[in-house]
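Visitor:
Number of protein chains: 2
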Amino acid sequence: MQENKNFDEMLSDESVQAITSDELLPKLDELIALIDEKRYTEFVRIISEVPTADIAELLDEVEEAYRPRFFRLLPKEIASEVFVDIGSDAQEDIIAGFNDRELASMLEELYLDDTVDIIEEMPASVVKRIIRNSTHENRSMINQLLHYPKDSAGTIMTTEYVRFRADMTVREALDHIRSVAIDKETIYTCYVTDPYRRLLGIVTAKDLLISSLDTDLSDIMEESVIYVNTTDDKEYVAGKFEKYGFLALPVVDAEQRLVGIITVDDAIDVIKEEAEEDFAKMAGITPTETPYLKTSVISVFKSRIPWLLLLMISATVSSTILSFFERNLASILVLFVPMLMDTGGNSGNQASVTLVRGLSLGEVKRADFLKVWWRELRVGLMCGICLGVVAFGKIMLIDHLIMQNDEVSWLVALVVGVTLSITIMIAKLIGSTLPLIASKIGLDPAVVASPFITTSVDAISLILYYFIASPFFS
Amino acid sequence: MQENKNFDEMLSDESVQAITSDELLPKLDELIALIDEKRYTEFVRIISEVPTADIAELLDEVEEAYRPRFFRLLPKEIASEVFVDIGSDAQEDIIAGFNDRELASMLEELYLDDTVDIIEEMPASVVKRIIRNSTHENRSMINQLLHYPKDSAGTIMTTEYVRFRADMTVREALDHIRSVAIDKETIYTCYVTDPYRRLLGIVTAKDLLISSLDTDLSDIMEESVIYVNTTDDKEYVAGKFEKYGFLALPVVDAEQRLVGIITVDDAIDVIKEEAEEDFAKMAGITPTETPYLKTSVISVFKSRIPWLLLLMISATVSSTILSFFERNLASILVLFVPMLMDTGGNSGNQASVTLVRGLSLGEVKRADFLKVWWRELRVGLMCGICLGVVAFGKIMLIDHLIMQNDEVSWLVALVVGVTLSITIMIAKLIGSTLPLIASKIGLDPAVVASPFITTSVDAISLILYYFIASPFFS
Chain A
5 MQENKNFDEM
15 LSDESVQAIT
25 SDELLPKLDE
35 LIALIDEKRY
45 TEFVRIISEV
55 PTADIAELLD
65 EVEEAYRPRF
75 FRLLPKEIAS
85 EVFVDIGSDA
95 QEDIIAGFND
105 RELASMLEEL
115 YLDDTVDIIE
125 EMPASVVKRI
135 IRNSTHENRS
145 MINQLLHYPK
155 DSAGTIMTTE
165 YVRFRADMTV
175 REALDHIRSV
185 AIDKETIYTC
195 YVTDPYRRLL
205 GIVTAKDLLI
215 SSLDTDLSDI
225 MEESVIYVNT
235 TDDKEYVAGK
245 FEKYGFLALP
255 VVDAEQRLVG
265 IITVDDAIDV
275 IKEEAEEDFA
285 KMAGITPTET
295 PYLKTSVISV
305 FKSRIPWLLL
315 LMISATVSST
325 ILSFFERNLA
335 SILVLFVPML
345 MDTGGNSGNQ
355 ASVTLVRGLS
365 LGEVKRADFL
375 KVWWRELRVG
385 LMCGICLGVV
395 AFGKIMLIDH
405 LIMQNDEVSW
415 LVALVVGVTL
425 SITIMIAKLI
435 GSTLPLIASK
445 IGLDPAVVAS
455 PFITTSVDAI
465 SLILYYFIAS
475 PFFS
Chain B
5 MQENKNFDEM
15 LSDESVQAIT
25 SDELLPKLDE
35 LIALIDEKRY
45 TEFVRIISEV
55 PTADIAELLD
65 EVEEAYRPRF
75 FRLLPKEIAS
85 EVFVDIGSDA
95 QEDIIAGFND
105 RELASMLEEL
115 YLDDTVDIIE
125 EMPASVVKRI
135 IRNSTHENRS
145 MINQLLHYPK
155 DSAGTIMTTE
165 YVRFRADMTV
175 REALDHIRSV
185 AIDKETIYTC
195 YVTDPYRRLL
205 GIVTAKDLLI
215 SSLDTDLSDI
225 MEESVIYVNT
235 TDDKEYVAGK
245 FEKYGFLALP
255 VVDAEQRLVG
265 IITVDDAIDV
275 IKEEAEEDFA
285 KMAGITPTET
295 PYLKTSVISV
305 FKSRIPWLLL
315 LMISATVSST
325 ILSFFERNLA
335 SILVLFVPML
345 MDTGGNSGNQ
355 ASVTLVRGLS
365 LGEVKRADFL
375 KVWWRELRVG
385 LMCGICLGVV
395 AFGKIMLIDH
405 LIMQNDEVSW
415 LVALVVGVTL
425 SITIMIAKLI
435 GSTLPLIASK
445 IGLDPAVVAS
455 PFITTSVDAI
465 SLILYYFIAS
475 PFFS
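Protein sequences appear in the order of chains A and B. As numbered in the working numbering, the first sequence has no gaps in its residue numbers, which increase by one up to the final residue, 478. As numbered in the working numbering, the second sequence has no gaps in its residue numbers, which increase by one up to the final residue, 478.
Below you can see the structure in the form of structure tokens.
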């Protein structure tokens with residue numbers, strides 16, 4: 005798909021396909037040259053065929069010095085959308101290049117939830133400038149949005165939605181949409197409230213378009229509504245979108261008053277972020293929000309080292325057990341320690357990752373713990389017996405018969421096989437229990453997964469091995 | 005939020021909040037009793053306050069024998085939506101309870117992409133009944149949809165969208181929407197095509213609502229369009245939704261003709277599925293699509309055992325190296341093997357999970373491999389030195405000084421510390437390289453993550469340990 009076209013070829017292309025950053029990034033220097041050579045018309049002609057998300061990608065790659073000029077050349081109607089999509093570095097550069105009037109006029113274009121997101125990333129001096137250049141009304145809204153609890157619905161909602169009175173007709177509603185649509189994040193789901201802003205129902209643009217103009221809204225509005233509270237966790241909110249397939253979801257305060265809406269694109273961001281956070285935590289990494297290649301090496305180091313240290317220290321427990329082992333038991337048994345530890349760890353991880361995701365998706369509830377144990381007990385028994393038998397067979401066939409290692413007797417193979425079977429069963433139970441306990445005591449289940457399971461299963465498998473082997477090999 | 009209300013209290017509740025499955029599941033027996041006692045009006049009054057996704061959850065829990073009766077009582081306008089949301093078991097039960105006329109009338113209500121999803125899960129006899137009871141036109145469309153490659157855009161697209169001619173006015177477009185809206189999956193993004201169905205541009209319902217009625221569509225349509233091909237991978241499609249925040253995306257065939265659209269709710273399903281597949285693969289589990297508690301124990305066993313077996317066999321490599329180790333080196337060194345193996349494995353996992361996710365999200369490209377190595381080399385160096393020093397200090401302080409273990413000399417501590425440092429650097433490089441190689445040769449990077457990294461890093465750390473220690477301890 006990506007041919008190497010020059011700008012004229014891109015523009016004269018008959019196809020309706022937009023010009024994307026994939027095509028333009030390799031040509032960024034030429035694009036900047038257009039600015040340098042003051043060939044602004046050409047620049048604008050190209051850029052107006054590029055979707056805003058791609059312009060943002062370009063702007064992120066542009067050198068600091070060119071960013072304000074690049075941004076000023078964007079058509080006004082898309083500039084604010086681009087601004088929201090770029091990284092906080094680039095945002096800071098561009099704001100620094102603005103005079104107060106320019107800043108005020110761009111803030112006027114932004115949705116308030118986006119303004120709040122930007123404020124949260126900016127240094128104090130820039131925040132002061134933003135607040136100073138906001139309208140009085142927006143300032144108090146921003147202040148309110150900034151005070152919702154971390155990761156709550158309040159922090160991702162937008163306050164720009166379409167609101168109707170129940171006594172309006174479809175015609176009045178459509179007229180109202182026409183007059184306010186430009187400032188609203190979505191017009192496809194609209195909300196009917198009473199004079200105190202309490203939610204009465206929802207009306208979709210589809211309902212409006214297919215109903216006759218004289219119908220009363222109260223006749224077509226949906227009165228069974230799924231809504232969330234400002235303080236609900238955003239992961240809970242994202243779950244509602246997954247379950248119901250909504251385009252938007254209303255947010256109410258403690259008095260059931262409609263205070264905002266959350267749109268599906270924000271929900272997708274949450275779904276993505278939450279999954280990435282779980283991936284990171286399960287691998288023993290402190291989650292960061294910036295993409296890998298844009299995170300500084302020192303930040304990558306900082307996100308990884310605490311867990312490595314913690315896990316290294318806890319792994320020394322295994323060493324202590326092993327020293328006991330070595331002093332008292334035949335050394336041939338030590339050979340099978342890595343295999344026991346690895347297989348136990350893998351078994352535990354399988355269970356823990358399954359449970360962590362099940363909890364996170366709401367497919368498993370804490371109250372299901374008995375069901376979970378009973379399942380994992382049976383799965384563990386099946387896996388344990390299967391792997392134990394294979395390990396016994398493998399040791400007898402390869403180490404004993406083929407390699408002719410006389411120290412590896414059938415008793416060694418049996419002890420290893422039995423230890424392995426029991427280790428796997430215990431690993432499955434630990435792997436499924438730790439996430440449930442973590443969730444119960446208010447910890448994030450993802451944090452106890454993988455590395456912690458490995459470390460604890462390691463220690464347990466060694467102790468087990470010791471007790472099973474000691475009657476025969478001490 | 006969940007008080008224990010009876011049905012009358014639920015219905016007389018003043019709030020607009022819908023009745024959800026959380027409230028009704030504990031009362032499922034009472035609900036079924038209403039059917040048994042032929043109190044249908046009450047049943048319908050309750051069920052009409054329940055969103056379709058929640059009705060589907062209830063229906064999944066209802067006993068087989070009651071499913072067809074439960075389903076028949078649903079208001080006709082929501083029945084098809086519920087049918088799409090329930091599990092394939094329940095779908096089969098309900099179809100079995102249908103006569104041909106009922107089946108044909110429900111098939112008429114379904115969107116074709118949903119029909120195809122259902123067909124893919126049904127046994128051959130049911131598929132035949134479905135095909136036989138579809139209209140001639142639908143039959144050929146179904147056939148076509150069934151033949152797109154696995155996981156391609158063609159398999160998740162819907163063919164029911166709103167299409168305009170470029171010479172229509174806004175008034176004609178709105179009239180057209182009014183007449184067809186009921187059968188279309190979305191009316192919020194509409195498509196302008198030429199007589200050969202080639203895509204010319206898109207028009208949103210918002211554009212139509214805010215433009216004056218006499219405007220020509222060609223004046224308001226967006227002509228720079230992001231579209232996908234029928235054969236594009238669905239993960240690629242989901243990425244477009246994440247990047248652009250669309251509500252729908254057009255799908256064209258090889259001749260650039262519009263053949264369908266993909267809506268954001270389907271994209272969310274893909275995003276979710278793809279993340280869950282990666283979670284499963286990284287934990288050494290064959291992905292399954294059913295929720296954990298609904299998967300049979302034997303299926304759980306089958307999804308886990310192949311990887312455990314494979315990994316157990318590969319872990320025996322470590323045993324072989326260890327036996328060599330034991331025969332030739334001082335036994336005190338073996339004590340630190342678990343710590344070396346675990347820390348190396350954890351370091352490698354951190355890098356591999358980061359890379360697997362980066363590749364999957366498109367944040368890292370295969371061409372970035374040099375950048376990646378250079379980053380991981382530096383991160384590995386920092387982590388390696390830091391952990392090596394801590395390990396040296398810990399061994400000297402605790403094992404040597406406090407525990408007074410004379411065998412643990414400063415030379416032992418040094419050898420362990422140095423081995424650990426180098427192991428970590430190598431682990432970071434392996435962890436970041438394997439996913440890139442996997443991606444290069446067309447394997448799924450997630451499959452080589454976690455367990456395979458652990459196994460290979462184990463072996464390498466042991467070999468390294470051996471070579472570093474042997475000059476001093478053989």
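Cβ atoms here follow ideal geometry from the backbone N, Cα and C, with glycine treated the same way. In this text the structure is predicted, and so the values were computed from the model without any measurement.
At a Cβ threshold of 7 Å, is B:Gln408 touching chain A?
Guide: Position 404 of the second sequence, counted from the first residue, corresponds to residue 408 of chain B. No - not a single Cβ of chain A is within 7 Å of the one on B:Gln408.
Visitor: Under 7 Å between C-beta atoms, does A:Gln148 make it to chain E?
Guide: Protein chains in the displayed structure are A and B, and chain E is not among them.
Visitor: To the nearest angstrom, how far is the alpha carbon of B:Leu78 from that of B:Val86?
Guide: Here residue 78 of chain B corresponds to residue number 74 of the second sequence, with the count starting at 1. Here residue 86 of chain B corresponds to residue number 82 of the second sequence, with the count starting at 1. Their Cα atoms are separated by approximately 9 Å.
Visitor: Contact defined as beta carbons within less than 8 Å: I believe B:Gly348 pairs with B:Val207. What is the distance between those atoms, to the nearest angstrom?
Guide: For the purposes of this step, residue 348 of chain B is taken as the residue at position 344 of the second sequence. For the purposes of this step, residue 207 of chain B is taken as the residue at position 203 of the second sequence. So it is not a contact: roughly 57 Å between Cβ atoms.
Visitor: Given a threshold of 16 other Cβ atoms within 10 Å of its Cβ, counted over all protein chains shown, does B:Leu297 qualify as buried or as exposed?
Guide: Translated into positions along the second sequence, residue 297 of chain B becomes position 293. B:Leu297 comes out exposed.
Visitor: So what's B:Val20 in DSSP terms, helix, strand or just coil?
Guide: Taking the first residue of the second sequence as position 1, residue 20 of chain B is located at position 16. Correct three-state label for B:Val20: coil.
Visitor: DSSP has A:Tyr195 in a bridge; who is on the other side?
Guide: The sequence position of residue 195 of chain A within the first sequence is 191, counting from 1. For A:Tyr195, which the question treats as bridged, DSSP gives the partners A:Arg167, A:Ile206.
Visitor: Determine, using beta carbons only, whether B:Asp162 and B:Tyr115 come nearer to each other than 7 Å.
Guide: Walking along the second sequence from the start, residue 162 of chain B turns up at place 158. Walking along the second sequence from the start, residue 115 of chain B turns up at place 111. First, the amino acid is wrong: residue 162 of chain B is Thr here, not Asp. For B:Thr162 and B:Tyr115, yes; Cβs fall inside 7 Å.
Visitor: What first and last residue would you give for the beta strand (DSSP E) that runs through A:Gly264?
Guide: For the purposes of this step, residue 264 of chain A is identified with residue 260 of the first sequence, where counting begins at 1. That run of the beta strand (DSSP E) goes 262 to 267.
Visitor: Tell me which residues of the region 338 to 354 of chain B have at least one Cβ-Cβ distance to chain A shorter than 8 Å, keeping chain order.
Guide: The residues in question are Val338, Leu339, Phe340, Val341, Pro342, Met343, Met345, Asp346, Thr347, Gly349, Asn350, Ser351, Asn353, Gln354.
Visitor: Say whether the region 467 to 478 of chain A touches the region 363 to 382 of chain A, bearing in mind that this needs 3 or more beta-carbon pairs closer than 8 Å, one atom from each stretch.
Guide: They do not touch, by the three-pair rule.
Visitor: Locate the beta strand (DSSP E) running through B:Ala287, then write down its first and last residues.
Guide: Translated into the one-based positions of the second sequence, residue 287 of chain B becomes position 283. Taken as a continuous stretch (DSSP letters only), B:Ala287 belongs to no beta strand (DSSP E), as it is neither H nor E.
Visitor: Who does A:Glu226 pair with in a DSSP beta bridge?
Guide: Locating residue 226 of chain A in the first sequence gives position 222, where the first residue counts as 1. A:Ile206.
Visitor: Can you tell which of A:Asp273, A:Arg73, A:Val120, A:Pro153 has its C-alpha closest to the C-alpha of A:Arg143?
Guide: Here residue 143 of chain A is taken as the residue at index 139 of the first sequence, counted from 1. For A:Arg143, the nearest C-alpha among the options comes from A:Val120.
Visitor: Within 7 Å of any Cβ in chain A, is that where the Cβ of B:Lys247 sits?
Guide: Numbered from 1 along the second sequence, position 243 holds the residue referred to as residue 247 of chain B. True, the Cβ-Cβ gap to chain A drops below 7 Å.
Visitor: Measure the Cβ-Cβ separation of A:Leu221 and A:Ala170 and say whether it is below 7 Å.
Guide: By one-based count along the first sequence, residue 221 of chain A stands at place 217. By one-based count along the first sequence, residue 170 of chain A stands at place 166. Yes, Cβ-Cβ distance for A:Leu221 and A:Ala170 is below 7 Å.
Visitor: Can you pull the chain A residues whose beta carbon is under 7 Å from the beta carbon of B:Leu312, in chain order?
Guide: Position 308 of the second sequence, counted from the first residue, corresponds to residue 312 of chain B. Here the neighbours are Thr347, Asn350, Ser351, Cys387, Leu391.
Visitor: Could you tell me if B:Gln6 is buried or exposed, where buried requires 16 or more neighbouring beta carbons within 10 angstroms of its beta carbon?
Guide: Position 2 of the second sequence, counted from the start, is the residue given in the question as residue 6 of chain B. For B:Gln6, the predicted structure reports a pLDDT of 45, less than 50, and the residue's modelled location is therefore unreliable. A value from the coordinates is still provided. Its Cβ having fewer than 16 others within 10 Å, B:Gln6 is exposed.
Visitor: According to DSSP, simplified to helix, strand and coil, what is B:Pro254?
Guide: Here residue 254 of chain B corresponds to residue number 250 of the second sequence, with the count starting at 1. Correct three-state label for B:Pro254: strand.
Visitor: Output, in chain order, the set of chain A residues within a Cβ distance shorter than 9 Å of B:Lys276.
Guide: Here residue 276 of chain B refers to the residue found at position 272 of the second sequence. What B:Lys276 touches in chain A: Glu246, Ile275, Ala279, Leu365.
Visitor: Any contact between the region 136 to 156 of chain B and the region 100 to 119 of chain B? By contact I mean 3 or more CB pairs, one from each, below 8 Å.
Guide: Yes: at least three Cβ pairs fall under 8 Å.
Visitor: Between A:Leu28, A:Phe456, A:Asp403, A:Glu293, which has its C-alpha nearest A:Leu62's C-alpha?
Guide: Here residue 62 of chain A corresponds to residue number 58 of the first sequence, with the count starting at 1. Here the closest residue by C-alpha is A:Leu28.
Visitor: Quick test of the definition: if touching needs 3 or more C-beta pairs under 8 Å, does the region 345 to 360 of chain B touch the region 450 to 457 of chain B?
Guide: At 8 Å Cβ cutoff, the stretches touch.
Visitor: Tell whether a beta-carbon distance below 7 Å holds between B:Phe340 and A:Ser335.
Guide: Counting from one through the second sequence, the residue named residue 340 of chain B turns up at place 336. Counting from one through the first sequence, the residue named residue 335 of chain A turns up at place 331. No, the pair does not count as a contact, with Cβ atoms beyond the cut-off.
Visitor: Starting from the beta carbon of B:Lys210, find every residue of chain A whose beta carbon is closer than 7 Å, and list them in chain order.
Guide: Translated into positions along the second sequence, residue 210 of chain B becomes position 206. Correct list: Ala185, Ile191.
Visitor: Which same chain residues, not among the five before or five after B:Ala185, have their C-beta less than 6 Å away from its C-beta?
Guide: As a first step, residue 185 of chain B must be located in the second sequence, where it is residue number 181. The answer, listed in chain order, is Ile191.
Visitor: So with CB distances below 7 Å, who are the chain B contacts of A:Tyr195?
Guide: Within the first sequence, numbered from 1, the residue matching residue 195 of chain A stands at position 191. Result: empty, since nearest Cβ-Cβ is about 10 Å, beyond 7 Å.
Visitor: Can you name, in chain order, every residue of its own chain whose Cβ lies under 7 Å from the Cβ of B:Asp97, other than the five neighbours on each side?
Guide: Residue 97 of chain B sits at position 93 when you count from the first residue of the second sequence. Excluding sequence neighbours, B:Asp97 sits near Glu68, Arg71, Pro72.
Visitor: Alpha carbon to alpha carbon, how far is B:Leu438 from A:Val304? Give it in angstroms, no decimals.
Guide: Within the first sequence, the letter at position 300 stands for residue 304 of chain A. Within the second sequence, the letter at position 434 stands for residue 438 of chain B. Taking the straight line from one Cα to the other gives about 19 Å.
Visitor: Mapping the DSSP letters down to three states, classify B:Ser216 as helix, strand or coil.
Guide: As a first step, residue 216 of chain B must be located in the second sequence, where it is residue number 212. DSSP places B:Ser216 in coil when its eight states are reduced to three.
Visitor: For B:Lys154, report the span of its alpha helix (DSSP H) as first-last.
Guide: Position 150 of the second sequence, counting from 1, holds the residue named residue 154 of chain B. Taken as a continuous stretch (DSSP letters only), B:Lys154 belongs to no alpha helix (DSSP H), as it is neither H nor E.
Visitor: I need the straight-line Cα distance from B:Asn281 to B:Tyr152, nearest angstrom please.
Guide: In the second sequence, counting from the first residue as 1, residue 281 of chain B sits at position 277. In the second sequence, counting from the first residue as 1, residue 152 of chain B sits at position 148. The question names Asn, yet the displayed sequence has Glu at residue 281 of chain B. Taking the straight line joining both Cα atoms gives about 21 Å.
Visitor: With distances taken between CB atoms, is the gap from A:Ile23 to A:Glu65 smaller than 7 Å?
Guide: Here residue 23 of chain A is taken as the residue at index 19 of the first sequence, counted from 1. Here residue 65 of chain A is taken as the residue at index 61 of the first sequence, counted from 1. In this structure, A:Glu65 does not lie closer than 7 Å to A:Ile23 by Cβ.
Visitor: Cα-Cα, which of B:Thr459, B:Pro30, B:Glu113 is closest to B:Ile325?
Guide: Looking up residue 325 of chain B in the second sequence gives position 321. Of the candidates B:Thr459, B:Pro30, B:Glu113, the one whose C-alpha sits nearest the C-alpha of B:Ile325 is B:Thr459.
Visitor: So, is A:Ile266 buried or exposed, given that buried needs 16 or more other C-beta atoms within 10 angstroms?
Guide: Residue mapping note: residue 266 of chain A aligns to position 262 of the first sequence, counting from 1. Classification of A:Ile266: buried, given that the 10 Å Cβ count is 16 or more.
Visitor: In this structure, how does DSSP classify B:Thr173 when only helix, strand and coil are distinguished?
Guide: Position 169 of the second sequence, counted from the first residue, corresponds to residue 173 of chain B. The answer is strand: DSSP assigns B:Thr173 an E or B state.
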